[in-house]
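Residue numbers are given in full-length UniProt numbering: position 57 of the sequence shown equals residue 57, and the series is strictly consecutive. The C-beta atom is built at its ideal place from N, Cα and C for all residues, glycine as well.
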Amino acid sequence: GVQPYRQVHAHSTGNPHSTVQNEADYHWRKDPELGFFSHIVGNGCIMQVGPVDNGAWDVGGGWNAETYAAVELIESHSTKEEFMTDYRLYIELLRNLADEAGLPKTLDTGSLAGIKTHEYCTNNQPNNHSDHVDPYPYLAKWGISREQFKHDIENGLTIETGWQKNDTGYWYVHSDGSYPKDKFEKINGTWYYFDSSGYMLADRWRKHTDGNWYWFDNSGEMATGWKKIADKWYYFNEEGAMKTGWVKYKDTWYYLDAKEGAMVSNAFIQSADGTGWYYLKPDGTLADRPEFTVEPDGLITVK
């Protein structure tokens with residue numbers, strides 16, 4: 001090509017096992033005339049692997065001669081959080097390279113100068129020999145539409161903070177774009193739990209690494225105190241842990257099943273030393289002086 005180079009090209013690798021390092025190694029082993037790129041984004045970093053302002057063999061056609069820089073995004077993200085970390089870097093790098101080259105920060109417009117996706121080059125460049133349509137399919141996999149990508153390229157990435165929702169469920173975005181995952185998090189005074197993919201647990205039990213069981217209602221709020229779940233009563237302490245055995249609540253004793261935690265009612269519970277029995281009334285409270293009648297057939301009834 002010949003200066004000035006008027007385009008920055010946006011690619012994705014097309015390799016579900018790609019990392020920054022293995023893509024760099026591949027690039028350095030490759031014959032430059034078979035296609036190359038200047039930068040790779042992934043694994044939370046940017047690696048420059050080739051020169052800028054020199055043209056490139058990256059889009060398989062006449063606009064190779066227009067390449068100021070060519071940027072690849074890896075395609076091996078396993079969580080939305082991982083993807084968004086690299087997506088922010090990808091957007092910032094493409095915009096910065098356009099500024100560096102004195103090019104407009106526009107995406108896939110009719111003007112020759114600007115930022116172009118490989119798909120746009122495939123469909124619009126002279127002497128095209130490429131069938132690539134990246135990076136759009138991979139961006140779409142993570143919920144980035146063509147319209148959003150264009151907006152982010154041309155205006156900068158706006159991080160939507162707070163609660164977010166898709167077809168899978170809810171997650172929470174911090175001001176730096178990060179997501180809580182595989183952990184408890186207190187948000188506006190309420191405790192929630194987020195799974196390994198960052199989605200909020202709702203209407204579910206969770207056994208934590210501390211060995212305790214926790215319950216999260218259909219709004220995701222962690223249960224404390226008494227909660228009725230599937231027609232059974234349970235008691236959770238102030239930290240949200242389900243209790244078992246004897247519990248004193250407002251000067252009244254209750255017994256919670258030793259294994260499952262459900263409140264026991266209208267039943268006898270043997271004392272710990274095995275010398276006697278306690279009676280729990282139909283409402284689950286301990287009867288302090290229950291009166292019993294032994295029927296002729298041996299049936300014990302409560303007055």
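Legend entry - Integer-rounded CB distance, given that S178 should sit under 8 angstroms from E23: Against the sequence shown, residue 23 aligns to sequence position 23. Against the sequence shown, residue 178 aligns to sequence position 178. At roughly 25 angstroms, the Cβ-Cβ gap does not stay under 8 angstroms, so E23 and S178 are not in contact.
Legend entry - S78, buried or exposed, once every other Cβ within 10 Å from all chains shown has been counted against 16: One-based indexing of the sequence shown puts residue 78 at position 78. With fewer than 16 other Cβ atoms within 10 Å, it is exposed.
Inset, instruction - Can you tell me which of the three DSSP states T244 falls into? - result: Working through the sequence shown from its first residue, we reach residue 244 at position 244. DSSP places T244 in coil when its eight states are reduced to three.
Legend entry - CB-CB length for G220 against Y192, believed under 8 angstroms: Mapped onto the sequence shown, residue 220 falls at position 220. Mapped onto the sequence shown, residue 192 falls at position 192. Contact holds; Cβ gap of about 5 angstroms.
Inset, instruction - Would you kindly work out how many angstroms separate the C-alpha atoms of G261 and Y234, rounded to a whole number? - result: The residue you call residue 261 lines up with position 261 of the sequence shown. The residue you call residue 234 lines up with position 234 of the sequence shown. Between the alpha carbons of G261 and Y234 lies a distance of about 6 angstroms.
Inset, instruction - Identify whether I159 lies in helix, strand or coil by the three-state DSSP scheme. - result: Here residue 159 refers to the residue found at position 159 when the sequence shown is read from its first residue. Note: I159 maps to coil in three-state DSSP.
Inset, instruction - Mind checking which residues open and close the alpha helix (DSSP H) that includes W28? - result: Here residue 28 refers to the residue found at position 28 when the sequence shown is read from its first residue. 20-29 is the extent of the alpha helix (DSSP H) around W28.
Inset, instruction - From the DSSP output, read off the bridge partner residues of C45. - result: Taking the first residue of the sequence shown as 1, we reach residue 45 at position 45. According to DSSP, which records beta bridges pairwise, C45 is partnered with G42.
Inset, instruction - Quick one: give me the first and last residue of the alpha helix (DSSP H) that F36 is part of. - result: In the sequence shown, the residue the question calls residue 36 occupies position 36. Taken as a continuous stretch (DSSP letters only), F36 belongs to no alpha helix (DSSP H), as it is neither H nor E.
Inset, instruction - Would you kindly report the start and end of the unbroken beta strand (DSSP E) that includes L256? - result: Here residue 256 refers to the residue found at position 256 when the sequence shown is read from its first residue. L256 -> beta strand (DSSP E) spans 252-256.
Inset, instruction - Report the residue ranges of all beta strand (DSSP E) runs contained in full by the segment 89-148; include only those spanning at least 3 residues, in chain order. - result: 114-117
Legend entry - Rounded separation between W246 and T209 - CA only: In the sequence shown, the residue the question calls residue 246 occupies position 246. In the sequence shown, the residue the question calls residue 209 occupies position 209. Computed Cα separation, rounded: 23 angstroms.
Inset, instruction - Taking S12 as part of the beta strand (DSSP E), name the residues at either end of that continuous run. - result: Counting from 1 along the sequence shown, the entry for residue 12 is found at position 12. It spans 7-12 - the beta strand (DSSP E) in which S12 sits, taken as one unbroken run.
Legend entry - Contact set for F83: own chain, Cβ-Cβ below 7 angstroms, skip 5 residues either direction: As a position in the sequence shown, residue 83 is number 83, starting the count at 1. Leaving aside the five residues that flank F83 on each side, the residues in its chain whose CB is nearer than 7 angstroms to its CB run, in chain order, H77, W142.
Legend entry - Candidates G225, L107, A202: closest to R95 by CA position: Stepping through the sequence shown from its first residue, residue 95 is reached at position 95. The option with the nearest alpha carbon to R95 is L107.
Legend entry - Limits of the beta strand (DSSP E) - the one that F285 falls within: What you label residue 285 is simply residue 285 of the sequence shown in a count that begins at 1. Correcting the residue type first, residue 285 is Thr in the shown sequence and not Phe. Neither: T285 is in no beta strand (DSSP E) and is coded neither H nor E.
Inset, instruction - Check whether the Cβ atoms of T122 and S111 sit closer than 8 angstroms, and answer yes or no. - result: Walking along the sequence shown from the start, residue 122 turns up at place 122. Walking along the sequence shown from the start, residue 111 turns up at place 111. The answer is no: Cβ separation not under 8 angstroms.
Inset, instruction - In the DSSP assignment, find the beta strand (DSSP E) that holds V71 and state where it starts and stops. - result: Residue numbering aside, residue 71 sits at position 71 when the sequence shown is read from its first letter. Looking at the DSSP string, the run of the beta strand (DSSP E) that includes V71 is 67-73.
Inset, instruction - Work out the CA separation of T161 and F268 for me, nearest whole Å. - result: Along the sequence shown, read from residue 1 onward, the residue named residue 268 stands at position 268. Along the sequence shown, read from residue 1 onward, the residue named residue 161 stands at position 161. If I take the Cα positions, the gap works out to 53 angstroms.
Legend entry - DSSP-derived helix/strand/coil call for W57: Stepping through the sequence shown from its first residue, residue 57 is reached at position 57. Residue state, collapsed to three classes: coil.
Inset, instruction - Compute the Euclidean distance between the alpha carbons of G102 and V173, then round it to the nearest angstrom. - result: Residue 102 sits at position 102 when you count from the first residue of the sequence shown. Residue 173 sits at position 173 when you count from the first residue of the sequence shown. Near 34 angstroms, if we compare the C-alpha coordinates of V173 and G102.
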